[in-house]
Each structure stands twice: as C-alpha cells, then as structure tokens.
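Engineer: Numbering-wise, the sequence shown is residues 1 to 614 according to my numbering.
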Amino acid sequence: MVQVNTPYPAMPWLAGFLKSQGYLPIQADLSLALFHRLFSRRGLIALQRHLQQKTPPRSPSARHFLRNANRYISAIEPIKRFLQGRDESMARLIVSRRFLPEGPRFDLLRNYPFLEERFGEGTFLERARYLASLFIDDLTDAIREGADHRFALARWAEDLAVLAPSFDPIRDELTSSNTWMDRELDRLAQETLSSFRPALVALTIPFPGALYGALRIARQIRRCSSSTRIAIGGAFVSTELRSLADPRLFDDVDAVVLDDGEHPLLRLVEWAVHGRSDRLIRTFLRVRGEVVMQDHPPPGSRPPPLGSFLPAYEDLHLDDYLPLSESAVPIQNLWNDTRWIKLPTSRGCSWRRCRFCDLSLPAIARYETTPPDRLAARMAELMARTGRCGFHFTDEALPPDYLDALAQMLERRKIHAVWWGNIRFERGFSKALVERLAHAGCVAVTGGLETVHDRTLRLLRKGITVQEALRTCARFAQAGVTVHAYLMYEAPTQTIAETLDALEIVRQAFAAGILHSAYWHRFALSAHSPLARHPERVGLRLLPCPFQGFARNTLPHEEPGAEAGRAALATGLHKAVFNFQHGVGLKRPISIWFDHRVPRPRVPSDFVIRCTTT
Ligand code: SF4
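1) Starting from the C-beta of I76, find all residues in its chain whose C-beta is less than 7 Å away, skip the five residues before and the five after it, and write them out in chain order.
2) Can you tell me the Cβ-Cβ gap for L586 and F580, rounded? I've got them flagged as a contact below 8 Å.
3) Grouping DSSP H, G and I as helix and E and B as strand, with all else coil, what is S346?
4) Please report the distance separating the alpha-carbon of T369 from that of G348.
5) According to DSSP, what are the bridge partners of F151?
6) Using a Cβ-Cβ cutoff of less than 6 Å, which residues in the same chain neighbour D431 once the five nearest sequence positions on both sides are dropped?
7) Going by DSSP, what residue range makes up the beta strand (DSSP E) through N422?
8) Among I221, L211 and L174, which one has its Cα closest to the Cα of F196?
9) So does R110 have its beta carbon nearer than 7 Å to some heavy atom of the ligand SF4?
10) For my contact list, G307 and R378 are in at a C-beta cut-off of 8 Å; report their separation, rounded to the angstrom.
11) Can you name, in chain order, every residue of its own chain whose Cβ lies under 8 Å from the Cβ of R86, other than the five neighbours on each side?
12) Closest to S346 by C-alpha separation, out of R353, R355 and P372, would be which residue?
13) Taking 8 Å as the threshold (C-beta atoms), are L18 and L265 in contact?
14) Cβ-heavy atom distance between G513 and the ligand SF4 below 7 Å?
15) Anyone know if the C-beta pair for H582 and F114 falls short of 8 Å?
16) At 4 residues or longer, and completely inside the region 201-273: list those alpha helix (DSSP H) runs for me, N to C.
17) Please determine whether the Cβ atom of A214 lies at a distance below 7 Å from any heavy atom of the ligand SF4.
18) Let me check you understand the geometry: is the CB of C473 closer than 7 Å to at least one non-hydrogen atom of the ligand COA?
19) Considering Q53, what are the terminal residues of the beta strand (DSSP E) in which it resides?
20) Quick one, which of R288, G421 and E262 has its alpha-carbon nearest P297's?
21) For H416, which of P560, V445 and A380 has the nearest alpha-carbon?
22) Assuming L382 contacts Y313 under a Cβ cut-off of 8 Å, what Cβ separation, rounded to an integer in Å, is found between them?
23) Does C442 come out as helix, strand or coil in the three-state DSSP assignment?
24) If you run the structure through DSSP and keep just helix, strand and coil, what is V538?
25) Please work out which residues of its chain come closer than 6 Å, Cβ to Cβ, to R374, disregarding the five sequence neighbours upstream and downstream, and give them in chain order.
26) My parser needs the alpha helix (DSSP H) runs of 4 or more residues fully inside the region 446-489; what are they?
27) By DSSP, does I341 sit in helix, in strand, or in coil?
28) Sorry if obvious, but does the Cβ on R352 come closer than 7 Å to a heavy atom of the ligand SF4?
29) Does DSSP put S194 in a helix, a strand or coil?
30) What did DSSP end up calling R522 once you bin it into helix, strand or coil?
31) Looking at the unbroken alpha helix (DSSP H) that takes in L14, where does it start and where does it end?
32) Answer yes or no: the CB of S448 versus the heavy atoms of the ligand SF4, is any distance below 7 Å?
33) Mind reading off the beta-carbon distance from H64 to P104? Whole number of angstroms is fine, and I expect it under 8 Å.
34) Using a threshold of 8 Å, state whether the C-beta atoms of P208 and V162 are closer than that.
35) Is E396 close to the ligand SF4? I mean its beta-carbon at under 7 Å from any heavy atom of the ligand.
36) List the DSSP bridge partners of Q294.
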C-alpha cells in the first residue's frame, strides 16, 4: 500500500528509462488495484459478511458500517467516480450532507465547531472532496476490523518492517497470515502475472509499510511461475537492507537491488533473459546458500543523466487514482488532493551537511541536477502527454539559484505549470526571487525548521538560523505560496526549555500567517548519518539491538543526560500544532496544550514579528 492519489514515481521513472533503451516494460500498480477491490460494491458486500460473522465488541466504525451497509454499498462507486474527477456533479449531493452515511470520522466536524467553520471556507468541490474522504476513512476503519487489522490506506503491516533486525517476524507473518486482504492481493498478483507472463518482475518498496505487500506479491509470483525472476529495490531496500545477510529472503525474491535502479535494471533484464549474473550492478543474490553482492559496473559508470529520458506516466491510467483531502483546511491538502506528476530536478542534496541525515547514502551524497532548460522541455512534454500541469518536485532540497533559472526558463517558454517541492529555508530566497517563483507557478514549499533553535541547528549543521528561516517563510507566504515546516523534538542535547521556545516560535509563525502547516518528528538516529559514527559526542548512547541479518537503519539509543520529562512533551507538541493549523489557540499561552505544568517560553511575544519586519 503506497498512495492512492497519484502513482509512486519510481515505477514510471524506471519504465521510462527502459523504454528509452528499447524495452517495453509493463507497469502495474497493485496498491491501487487492491484499493479498488476493497472499496467497491463487491468488496463492501464481502466486508458486510465478514463483519456479521465477527463477535462483538466491534469498533464504532464497524458498527456504523453494519447499520448503514446498504447506503455505503450504493454510495461507494459514485463517490469513487467523484473523487477521480469523473463526475463532479456529485458534489452538490455530497455537500447536502444527506447522501453519505456519516460515521465516526465525521465526529471531527460535529465535535469541533472551528473545523466546521474552516471547512465552510473551502469551495464547493473542496468541501465535497473532504466529506467524501471522511467517508473513505470510515470505510478504512471498518475494513481494518473486518478484513485486516494491519491495514491503512497508505501502509500495510508497517510495524513488521519498522526496526526489523531479524527477518523472522516478517517470514512468519507471510507464512501464517490469511486474511481477506491477503487473499485479495494474492488473487490480484496471480491475475496480473497470468495476463503478462513477464520474464522479470521488479517491485519497488519505498517505505516500511510497503514491504509486506511486496513480499506477498513476490511469494505468489514464485508459486505461479517458477521461471519469472523477481527483484526488489527502492528507498526502503536501499536504506535498510544494505547489510542484508539472511538468505531466507531469497526464498521469495531472486535479487535485491540497492540505490539508483536504471543501469542495474538493464543488467537484471540480461540476467533474467540470458542468465548472465556476471554483469549485475549493486545486486544481492543468493549463491550457494549465502547472500552475495554482485557489483560489476562498467568503468566510470554513472546513472543516466537526468532529463535524458521521460518517465512513462502516459502508460498508467491516471484517471483511476483518487485525490483525497486529509484536512478540513484546504491549504493543508497539498500532498493528496491532486494527481501530481512527481519529478526530480536533481539527485542527492545540494547541501548534504546535516549531521542527522543519511549522508553516507548515494541518494543524498551524490548531487547532480537536470539542466533547467532540459527540465522545462521535459515538463512541457509531460504536460502534453498526460494532459496535466501539476508537478511535485521530489528533490531533497531545491536550491534558490536552480529554481531561479528554472522559473526564467518556464517564463521564456510560456510553460504554464503549477509546482511545489522541498527547500531549505535559506536566505538565498530573496523577496524578488520568491515573487518570480510564485509567478512561474510555485504554489507551495516544504522545508525543515527542525529544532527551531539556533544552538541545536548549529549542532545539527542545518546551515540556517531561526531568523533567516522565518524571513524566508514570510517571503513565500507573502507571495501567496503555502509553507509547510518539518519540526524536530528530542534532538540530541535539546532541552525542555528550548523545545517550548520552539513551540512558542511556531505559534507566533502561525499567528503571523507565515506558516500554514507543520509536523513534529521525533529525532531518529540513522545508521547512515554522521551522528551515528560518534553518538557519544552529542551525549547519545546506543542501546543493544543485535543485527540478525535483515534491516538496519534507525539505531535505538538513549540520552543519559536528557532532562526527565522531555519525552512527555510529545503529545502537547502535536496537539498544539494540530490546533494552530486550524487557527485555534493562536493567542493563548502554549502551556494550555500540555496536561502537566511546563515552564513559560523565554522568547518575547513579538519575536516572529520582529524577525520578519526588521
Ligand atoms: S536533511 Fe535535507 S537539507 Fe539536510 S542534508 Fe539531508 S537532504 Fe540535505
């Protein structure tokens, strides 16, 4: 399970590369196909049967579904058509609030009048999409009880793959689990395989929540076609399985590929068709019962230059994807409410210095950009092929000078695109540049404000100061661009007082309208980060977590010198930002979000205003 609003980009990217080399790859999004199986008339009738067979107590969503099963069953297809943009006339019916059964997920609107108020600010279509998304969320909860307790819309059995030093729990689950959802995916895999009979199936595993589904598909393919070779790769594999040593994974797959997939895929095709394993690149195989890395790149080999081929989006049925709304506040639905064409302008990170980041991985360390004129030309071609003009640049950090050149190119060629991506809130984004970017179609930026504190930002080598970052946020917001910030808590040496100061600055930034959405992430110590080499230098101590041959990424650790009570701030931090995003509590002291006494923040109450106006 990956996402249902737009294709995950690895697949069309690699398919586009293979096409540029004369191959005819076939793309299949079984994540979306499984969604359509479960969320269908037939799927919901089956869900009703499953839930009726279960003994109470049932969850509120399941009970509500059973009481209103006929309404859910008759509404599901029209609602999907509406979300897919095939029948917008449904919006009137949906917004009437008489058509959809309103289960527990609608309590958000019922119980929080401020949400109802913000919801009312949206356009007709935005409101209808939000209500239709709540309907899908209620069904997701019911499916979790009736079909599979590990199910979520964009992840499945994720717990198994987060911190998985051993393959045992995943293997056991693959062998023993036989839920309705398992069986549906097994059938889908068999049907897809029998329609195409491929020599090679390559499965991308971008996140932990995609591992179980991918291995389940692999197992079915293995069962049905012993001649088909199966390879896995993608971000999860390239980050977590670099030290792979457990040969049992190869009962289900034949090859495990690390990092960029273009050239390794070409060699995998040779291997699948002609049996040549002596030319594989960055690929683990099982040889005589042992896991062996095969890496035979030609001298001077590099990934193909960016922009030298086009991702093959036109081969996918883009209209089958369903943009969803996660929030009553339209501005916060950027990720999921549009079928963005995902496109990188670069590989790696232009900054690549943050000490908490995966700097030892090629995906971050090797920086290369698409020349802006070539990118603009590629965007125009993709727009012509797909009929869509929205792009999500999937870069780690888009630099100001690159965006400046791109904006000029888009302007010169009269390419009317809408786009957004990740930046660093650095001072290079001057007022004039930000206005040019907005004029050239930039609608949103995301970036790390991280600890929102100069001392810890320096310690982490983020390369920004709080004042600089706030000014950059203000310039984007003033140009009408949505600003989202990633925030970090429990970072090494971060004190309670510093965390509360950070929250106070975030409150002021929301109140000043220079931040529109944000999310707190707990600091994670990555095995591929500079901090992991010498954790003791920032007061961290690694906890024992014996590696047993499978995944290795986040390192369990403790910080012996950390203040007692620091971890207890998490709930309040999340609660505060959720409310700020909805315009609630912006003038109240931040202490109201905690259920225990917290010290007063030390930053002046006009800190953000002063930072952004002087
Ligand atoms: S955290 Fe972001 S900006 Fe920093 S090095 Fe990593 S990718 Fe680059």
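Yeah, the Cβ is synthetic: ideal placement off N, Cα and C, and Gly gets one too.
All figures in this text were calculated on a predicted structure; none of them were measured in a lab.
Structural biologist: Working from what's here:
1) F39, S40, R41 and L44
2) In this structure L586 touches F580 by the C-beta definition: roughly 6 Å separates them, less than 8 Å.
3) strand
4) If you take the alpha carbons of T369 and G348, they lie about 9 Å apart.
5) W156
6) Looking at the sequence shown, residue 431 is not Asp but Lys. Once the five neighbours on either side are set aside, the close Cβ partners of K431 are R475.
7) First-last of the beta strand (DSSP E) with N422: V418 to N422.
8) I221
9) no
10) 5 Å
11) D319
12) Answer by Cα proximity: P372.
13) yes
14) no
15) Here H582 is near F114, since their CB atoms are less than 8 Å apart.
16) Within the region 201-273, the complete alpha helix (DSSP H) runs of at least 4 residues are 211-224 and 235-240.
17) The answer is no for A214.
18) This structure lacks the ligand COA; its bound ligands are the ligand SF4.
19) It is not in any beta strand (DSSP E) - Q53 instead sits in the alpha helix (DSSP H) that spans R41 to Q53.
20) E262
21) A380
22) 6 Å
23) strand
24) V538 falls in the helix class under three-state DSSP.
25) G307
26) 454-459 and 466-478
27) strand
28) Yes, since a heavy atom of the ligand SF4 falls inside the 7 Å radius drawn around the Cβ of R352.
29) Here S194 sits in helix by DSSP.
30) strand
31) Element bounds for L14: A10 to S20.
32) The residue asked about is misnamed: residue 448 is Gly in this sequence, not Ser. At least one heavy atom of the ligand SF4 is nearer than 7 Å to the Cβ of G448, so yes.
33) 6 Å
34) Yes.
35) yes
36) As computed with DSSP, Q294 is found in a beta bridge with T283.
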